[in-house]
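Numbering (the UniProt record's numbering), first residue to last: 1 to 585.
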């Protein structure tokens, strides 16, 4: 999602909170214990002089008031209540984007409710733990760091989600996962938890690529992947997810009921076992999703800054209230969910799916570029200089932590967790970039994951309600791609590269089976050759991967004209300063 205009403001000449005089009890002689005691035992430590009414009271779209609270920098003295409130906003602003991937993965593999609920909990806990690493900025050897030192939180990138769907499709086609064919010809996918384990194992070994990229100078990476390429990738990721998941769920489901089978549990949406199943596209289902969507719009119009930061959660809440009153919610997932849970309560058989190696390597390249954009956006909105050696070290530490996060998240039974910039809007609106707020965000994320009933409740959200919200989220990803593309110069060369890339990307997007049967006529390929063919098919069947490969190759081999060659350095510097997050959700 694109950061609000405030996120792109230049550093202010008056940063009030960073100039507050330290309290006498915070002197070194009192130490850490004394500072904590003052923080929790005094009114100033809890409240300070922050205007909480501005944060929580509703606003009017017709008001011209321009009241803003002081800006709290990375390590400024922050009131405890504000740190907790800001951390909760960060966690809630991220929540919909964090729970969507595990729900979609579980649906694609037809996993049971208990497994699906665990996947949501594991994702939230993993995000909290690995976000702490990003926020900490741990010094390593030779001037290298681990983490950005900013409020850089992590989440499952939608680039991973898009590619994983293609990998799962390949697994069902080649027999790695089984399917059942009904008498009327309808094919139903059987539950395949091993496919998720193979995705985790493949992700684990591919994560070393991004760790290696952390030691490549950021300027070199940006020359290979300019805004024209990253913008195209992000645009296609968002567009593909709207069509493959968001809009399908809005109308009832993306698990097979959209094909209108005449028998089986998917003859109605979400299944025939639901409390009130209906045919896909029924007005009742579309209306529930539209209600959630409209709730987001009204929150943006009339909500307080706090509510605007969590408008997606408001949309989910309003949709669920109406759906529950109308009898569309199945509460079985809440009843079956444990009260307390943690990582490794449920495990998956780790393996490697050879055809997925090349696509996942391409995903990690994309994640590294997303990380650079996210770090730039986070630094800018936090009023940290986005040029110079210190910023380069933040990029290096962020990309390294991103790659390490891909490795550790697989061990946590979670798909790759990469830097997640949706919380930049929270920093911009609340004017609080303090890392204490980021640490409280991590606490809330871990708490949400540990409380298993919360995951059960999130899993019970009806498909249309979730679809109405995620369609907005995925469309916001596409808009972020358009914004990144706006930094391209659109010379004849740029337009040629973009058109060639979109030829593959849009072709894939609009005709999903375009490259599926390329190697059908190859007779008796050996296992290695078949795995290579499957890898190529997965890449070509994933719109953003196919477009990215074409764009990178053409960008490297096509010569720059003389004018473009003189301007390229200036454009790169401008993009480095302004480029927003490619993942953003």
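All C-beta atoms in this analysis are idealised placements derived from N, C-alpha and C, irrespective of residue type, glycine included.
_Rounded C-alpha distance that separates residue 47 from residue 431_ = 16 Å
*Quick one: Cα of residue 83 to Cα of residue 136, how far?*
16 Å
*Spell out whether any CB of chain D is found under 8 Å from the CB atom of residue 264.*
Of the protein chains in this structure there is only one, and it is not chain D.
*Can you give me the start and stop residues for the alpha helix (DSSP H) that residue 248 sits inside?*
247-250
*Going by alpha carbons, who is nearest to residue 190 out of 264, 245, 224?*
264
*Cβ contact check for the stretch 344-364 and the stretch 194-214: 3 or more pairs under 8 Å*: yes
*Over what stretch of residues does the beta strand (DSSP E) that includes residue 531 continue unbroken?*
Run containing residue 531: none in the beta strand (DSSP E); it sits in the alpha helix (DSSP H), 527-540.
*asked:* Just to confirm the assignment, what range does the beta strand (DSSP E) spanning residue 181 have?
replied: 179-181
*Going by beta carbon distance, what residues of the same chain come within less than 7 Å of residue 268, once the five residues before and after it are set aside?*
257, 277, 278, 279
*Quick one: is residue 440 buried, meaning 16 or more other Cβ sit within 10 Å of its Cβ, or exposed?*
buried
*asked:* Under DSSP, the alpha helix (DSSP H) around residue 495 begins and ends at which residues?
replied: 492-510
_Residues near residue 323 in its chain [Cβ-Cβ closer than 7 Å; skip 5 each side]_ = 288, 329, 462, 465
*Would you kindly check if the distance between the Cβ of residue 428 and the Cβ of residue 150 is under 8 Å?*
no
*Apart from the five residues on each side of it in sequence, which residues of its chain come closer than 7 Å, Cβ to Cβ, to residue 536?*
none
_Contacting residues, own chain, Cβ-Cβ under 7 Å from residue 81 (five flanking each side not counted)_ = 46, 47
*asked:* Quick check on the DSSP output: what are the complete beta strand (DSSP E) runs of length 3 or more inside the stretch 138-170, in order along the chain?
replied: 153-156
*asked:* Please classify residue 225 as buried or exposed, where buried requires at least 16 other C-beta atoms within 10 Å of its C-beta.
replied: buried
_Can you look up residue 340 in the DSSP assignment and give me helix, strand or coil?_
strand
*asked:* I'd like to confirm the pairing. Which residues does DSSP put opposite residue 189 in its beta bridges?
replied: 179
_Looking at residue 130: is its Cβ nearer than 8 Å to the Cβ of residue 408?_
yes
*May I ask you to list the residues that DSSP assigns as paired with residue 278?*
269
*Mark residue 237 as exposed unless 16 or more other C-beta atoms lie within 10 angstroms of its C-beta, in which case mark it buried.*
buried
_Distance check for residue 545 and residue 365, CA to CA, integer angstroms please._
10 Å
*Just grab the DSSP bridge partners of residue 353 for me.*
For residue 353, which the question treats as bridged, DSSP gives no partner whatsoever.
*What's the C-alpha gap between residue 368 and residue 78?*
32 Å
*asked:* So, with DSSP's three-state summary, where would you put residue 196?
replied: helix
*Between residue 532 and residue 115, what straight-line distance do the alpha-carbon atoms span, to the nearest angstrom?*
31 Å
*Three or more beta-carbon pairs under 8 Å between the stretch 514-522 and the stretch 333-349, yes or no?*
no
*In terms of residues, what are the limits of the alpha helix (DSSP H) holding residue 427?*
424-430
*Can you tell me where the beta strand (DSSP E) with residue 254 in it begins and where it stops?*
Segment: none, residue 254 is in no beta strand (DSSP E) and carries neither H nor E.
*residue 473 - containing alpha helix (DSSP H), residue span*: 463-485
*Report the residue from 540, 500, 434 whose alpha carbon sits nearest the alpha carbon of residue 76.*
434
*6 Å Cβ shell around residue 493 - same chain, five flanking residues per side excluded*: 558
_Those residues which DSSP pairs with residue 451 across a bridge_ = 340
_Between the alpha carbons of residue 101 and residue 503, how many angstroms are there, rounded?_
28 Å
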